[in-house]
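Just so you know, the sequences run in chain order A and L. Using this note's numbering, read the first sequence as starting at 14 and increasing by one per residue. Using this note's numbering, read the second sequence as starting at 13 and increasing by one per residue. Positions of the beta carbon are idealized from the N, C-alpha and C atoms, including for glycine.
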Amino acid sequence: MADVTLRDVRKTYAGGVEAIKGVSLKVADGAFCVLVGPSGCGKSTLLRMIAGLETVTSGEVDIGGRVVNAVEPAARDIAMVFQNYALYPHMSVYNNMAYGLRNRGLARAEIEARVHEAAQILEIEALLARKPKQLSGGQRQRVAMGRAIVRHPKVFLFDEPLSNLDAKLRIAMRVEIRKLQRRLKTTAVYVTHDQLEAMTLADLLVVMNGGEVEQIGAPLEVYQKPATTFVAAFIGAPPMNLMPAAHAGPNGWADSLPPGAVVGVRPEDLMLGQDAPAGGLRLPLTVEAVEHIGAESFVYGKVSSKAAAGDDVIVRVAADATPALGTSVAVTASRDKLHLFGADGRRLAD
Amino acid sequence: MQKQAVFQSRLLPLLLIAPQVAIVLVFFYWPAAQAVWQSFLLQDAFGLSTTFIWFENYQDLLRDPDYFNSVVRTFVFSAAIAVCSLSLALLFAVMADKPLRGATAYRTLMIWPYAVAPPVVGVLWVFMLNPSLGVLAQGLRNLGFDWNPLLDGNQAAALVILASVWKQISYNFLFFLAGLQAIPSSVIEAAAIDGARPVRRFWTIVFPLLSPTIFFLIVINVVYAFFDTFGIIDTMTRGGPAKATETLVYKVYLDGLLGGNLGGSAAQSVILMAIVIALTAIQFRFVERKVTY
Numbered sequence: 014m015a016d017v018t019l020r021d022v023r024k025t026y027a028g029g030v031e032a033i034k035g036v037s038l039k040v041a042d043g044a045f046c047v048l049v050g051p052s053g054c055g056k057s058t059l060l061r062m063i064a065g066l067e068t069v070t071s072g073e074v075d076i077g078g079r080v081v082n083a084v085e086p087a088a089r090d091i092a093m094v095f096q097n098y099a100l101y102p103h104m105s106v107y108n109n110m111a112y113g114l115r116n117r118g119l120a121r122a123e124i125e126a127r128v129h130e131a132a133q134i135l136e137i138e139a140l141l142a143r144k145p146k147q148l149s150g151g152q153r154q155r156v157a158m159g160r161a162i163v164r165h166p167k168v169f170l171f172d173e174p175l176s177n178l179d180a181k182l183r184i185a186m187r188v189e190i191r192k193l194q195r196r197l198k199t200t201a202v203y204v205t206h207d208q209l210e211a212m213t214l215a216d217l218l219v220v221m222n223g224g225e226v227e228q229i230g231a232p233l234e235v236y237q238k239p240a241t242t243f244v245a246a247f248i249g250a251p252p253m254n255l256m257p258a259a260h261a262g263p264n265g266w267a268d269s270l271p272p273g274a275v276v277g278v279r280p281e282d283l284m285l286g287q288d289a290p291a292g293g294l295r296l297p298l299t300v301e302a303v304e305h306i307g308a309e310s311f312v313y314g315k316v317s318s319k320a321a322a323g324d325d326v327i328v329r330v331a332a333d334a335t336p337a338l339g340t341s342v343a344v345t346a347s348r349d350k351l352h353l354f355g356a357d358g359r360r361l362a363d
Numbered sequence: 013m014q015k016q017a018v019f020q021s022r023l024l025p026l027l028l029i030a031p032q033v034a035i036v037l038v039f040f041y042w043p044a045a046q047a048v049w050q051s052f053l054l055q056d057a058f059g060l061s062t063t064f065i066w067f068e069n070y071q072d073l074l075r076d077p078d079y080f081n082s083v084v085r086t087f088v089f090s091a092a093i094a095v096c097s098l099s100l101a102l103l104f105a106v107m108a109d110k111p112l113r114g115a116t117a118y119r120t121l122m123i124w125p126y127a128v129a130p131p132v133v134g135v136l137w138v139f140m141l142n143p144s145l146g147v148l149a150q151g152l153r154n155l156g157f158d159w160n161p162l163l164d165g166n167q168a169a170a171l172v173i174l175a176s177v178w179k180q181i182s183y184n185f186l187f188f189l190a191g192l193q194a195i196p197s198s199v200i201e202a203a204a205i206d207g208a209r210p211v212r213r214f215w216t217i218v219f220p221l222l223s224p225t226i227f228f229l230i231v232i233n234v235v236y237a238f239f240d241t242f243g244i245i246d247t248m249t250r251g252g253p254a255k256a257t258e259t260l261v262y263k264v265y266l267d268g269l270l271g272g273n274l275g276g277s278a279a280q281s282v283i284l285m286a287i288v289i290a291l292t293a294i295q296f297r298f299v300e301r302k303v304t305y
């Protein structure tokens, strides 16, 4: 059990490329922290720095109150689950899980007890004698998890562990990872590019972009109050609608904003209907495409007002209220549903 | 999914494989059959009369202590060459696999010796180690070592093994490097996190994962030591001194071409052929099955 603290951690590669531009972060003991961001944002690099697989150029990586910058991966008391599982192909499932324990010189009986305990938790007892290539993707995933939990590490590190699974299995494993982590109460740092995975797993969500942290917070807090336009567009599917405030038309609130301000509104906060609530937003739309996904539909429209002509807007509506293609509708949102950002992309005070 | 091609006529597929079959027939089966036939014959010293003597050539061979010595020598040579060139090549490949500056140049330099023909290798090493004009020989003698491979059979054997190993390292190096690079880095990283130090990581993870490559190379190296060292031996020692470097292949050449014992030499080459066929069979049977994980 341990907390993980990063203090102004930076990573500069030999060529001068700055991959991590100063990240500070505190993951409480037992918390599930998810690093999320587009590919190339540095989230995997950051995770590998916590693991000790990448050197730290400056700053401090602290696990359980001990600065581990110069400590070997093996001595950091962490376990990592890799994207491709990284199972030892020539070893049986049992030996895959026992390897780390043998290297640490545990007694044979203790190793056997731990492996069987982990196998039982993950329901892979029947597979212990098999080789990795005789397993399905989901089973390999479980073995990789088993290899991590037999060690009883201080911290679990996950590097996109679900991205090689099919959609259905991914959701099932996601739930299982969460349950397992709750049960073991081990601190976890999890890297993913999938915002849905991030939202559902995290106690603490860290949104990264271009080697920097855009926002740290509880998932719902990040969703409801995105700190930047990047977070607003990245978290949530379909993404938040963003447009220059000037496009929102003559409005009391819009006129008082600084130049270059951006207004954002989530697809589910837009209502079909003519009458704009006082002080809110009203946009006339031409419906260009509709996605039916069952209980609800996503309407893709182009704004036809003079100020914002050509802007794309996505609206989430109930299935029975879906407008027909090519029709003109008006959508509105009340003032309290609008997110306002300055020209620099940062959230303006509400 | 259909992987087999379907031909309308019978003639086209036969025509397509005809060139390959013709080449194999003319350059392998015909000479091989001739060698087998030859090995049952005895010619008189002047080549005027030939008698069919069944297996007498083989019986003579197996009773000949010279031949027995040559068999032992060849196996010792192959074992020494395979062990030395494999272990050195593996060592070099592990070094070259590290992400170091200049690794590409180093790899290229490692591969060059493979482009040198065996007789040239022989000449090269003879020049360096010739007792009267070799640079290295001079050095050895300065160190107080009585170096004279022209007289000392063991030294001559060491010389041939040294040159053969040097030539074969680059070939093995190429395969080892490819094998090492095929091991996912995350597997190595997982082992590092699992608490395995570099040496243990090598023996418990890398080495077992390389085992298909190692087995393949063992067979290739033994075949190399058996046959391709001919050029090296011919330029360096010509089988001498006192037969100390006379391997099976070189003995075939000496007895048949220089000694004129066509029947005996043919019997020797038939035995060699059987050895190669056995080696190839072992390779096919085991490389495919046992060593894969």
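Query	Result
Using a Cβ-Cβ distance under 7 Å, would L:GLY207 count as near chain A?	yes
So, does the segment 67-87 of chain L touch the segment 152-163 of chain L, judging by three or more C-beta pairs under 8 Å?	no
The segment 97-129 of chain A: which residues have C-beta closer than 7 Å to a C-beta of chain L, in chain order?	ASN97, ALA99, TYR101, PRO102, HIS103, TYR112, GLY113, ASN116, ARG117
When DSSP builds the beta bridges, which residues end up paired with L:PHE64?	L:LEU53
Just how far apart, CA to CA, sit A:GLN228 and A:LEU48?	10 Å
In chain order, what residues of the same chain have a beta carbon less than 6 Å from the beta carbon of L:ILE181, not counting five sequence neighbours either side?	SER97, LEU100, ALA101
Tell me where the beta strand (DSSP E) around A:CYS46 begins and ends.	45-49
Please classify L:ILE29 as buried or exposed, where buried requires at least 16 other C-beta atoms within 10 Å of its C-beta.	exposed
If we cut at 7 Å on Cβ distances, does L:ALA204 have a partner in chain A?	yes
Nearest chain L C-beta to A:LEU59 closer than 7 Å, yes or no?	no
Less than 7 Å between the beta carbons of A:VAL300 and A:THR340, yes or no?	yes
Going by CA-CA distance only, name the one from L:ALA127, L:GLN71, L:MET248, L:ALA237 that's closest to L:TRP137.	L:MET248
Could you please tell me which residues of the segment 173-205 of chain L, in chain order, have their CB closer than 7 Å to any CB of chain A?	PRO196, SER198, VAL199, GLU201, ALA202, ALA204, ILE205
What's the C-alpha gap between L:THR304 and A:LYS144?	No answer about L:THR304 holds up, because its pLDDT of 48 lies below 50 and its placement is not dependable.
Under three-state DSSP, which class holds A:ASP172?	strand
Report yes if the CB atom of A:HIS352 is closer than 7 Å to the CB atom of A:GLY277, and no otherwise.	yes
In terms of residues, what are the limits of the alpha helix (DSSP H) holding L:GLY243?	242-248
What did DSSP end up calling A:ASP282 once you bin it into helix, strand or coil?	helix
Is A:HIS260 buried or exposed, if buried means 16 or more other CB atoms sit within 10 Å of its CB?	buried
Since A:LYS39 sits in a beta bridge, which residues does DSSP pair it with?	A:THR18
When we look at the beta-carbon of L:ALA290 and count the other beta-carbons within 10 Å, is it buried (16 or more) or exposed?	exposed
Taking all protein chains shown into account, do 16 or more other C-beta atoms lie within 10 angstroms of the C-beta of A:TYR112, making it buried, or fewer, making it exposed?	buried
Can you give me the start and stop residues for the beta strand (DSSP E) that A:ARG329 sits inside?	325-331
Counting only Cβ pairs nearer than 9 Å, list the residues of chain A close to L:ARG212.	ASN116
Using beta-carbon positions only, say whether L:LEU171 and L:LEU145 come within less than 7 Å of one another.	no
Since L:LEU221 meets chain A, which of its residues come closer than 9 Å, beta carbon to beta carbon?	TYR101, PRO102, HIS103
For A:ALA322, which three-state DSSP category applies?	coil
Sort out for me which residues DSSP pairs A:VAL219 with in a bridge.	A:LEU48, A:ILE229
Starting from the C-beta of A:ARG115, find all residues in its chain whose C-beta is less than 8 Å away, skip the five residues before and the five after it, and write them out in chain order.	ILE124
Output yes if chain A places a C-beta closer than 7 Å to the C-beta of L:GLY114; else output no.	no
I need the DSSP call for A:THR199, collapsed to helix, strand or coil.	coil
Please report the residue range of the alpha helix (DSSP H) in which A:ARG10 lies.	For residue 10 of chain A there is no data in the structure shown, the boundaries of chain A being 14 and 363.
Let me know the secondary structure DSSP gives A:THR68 once reduced to three states.	coil
Would you call the CB atoms of A:LYS34 and A:GLY286 closer than 7 Å?	no
For the alpha helix (DSSP H) that A:ALA88 lies in, which residues bound it at each end?	First-last for A:ALA88: undefined, no H or E at that position.
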